[in-house]
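Working notes for the structure below.
Residue numbers (the numbering used here): 583 to 710.
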């Protein structure tokens, strides 16, 4: 059986302790956003929600003549801006022809439907 020299053992132990705060606080380092695709199966669109504020936006890929394409984003418009602080998520419906997505407040159970209208992402008033 091989024995690790004391110097290496102490060094590896110190290295493990350096990473301990990252293991304990892992979820705190998680991203602030959640992403979900639009349920519509022929639409190349992804929605984004800020988990704390509920602000919703969307982006999609569009072909560009003679180029590789471009990412078009639709910023928050009416009803899609920051809401009452909470814990928000996105929930696509199973309707394959639906271009919108549900924004849900996981703390209160309220939800609204968000979709792209003209050049903005808009959401209906929250209901329960």
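Note that the Cβ used here is the ideal one computed from N, Cα and C, for glycine as well.
In this structure residue 644 touches residue 652 by the C-beta definition: roughly 5 angstroms separates them, less than 8 angstroms. Shortest Cα-Cα distance from residue 698 to any of 671, 646, 630, 613 involves 630.
When rounded, the separation of the alpha-carbon atoms in residue 646 and residue 626 is 14 angstroms. Judged by DSSP secondary structure, residue 639 falls within the beta strand (DSSP E) whose first and last residues are 638–644.
Straight-line spacing of the CA atoms in residue 634 and residue 614 works out to 7 angstroms.
In this structure residue 695 touches residue 706 by the C-beta definition: roughly 5 angstroms separates them, less than 8 angstroms.
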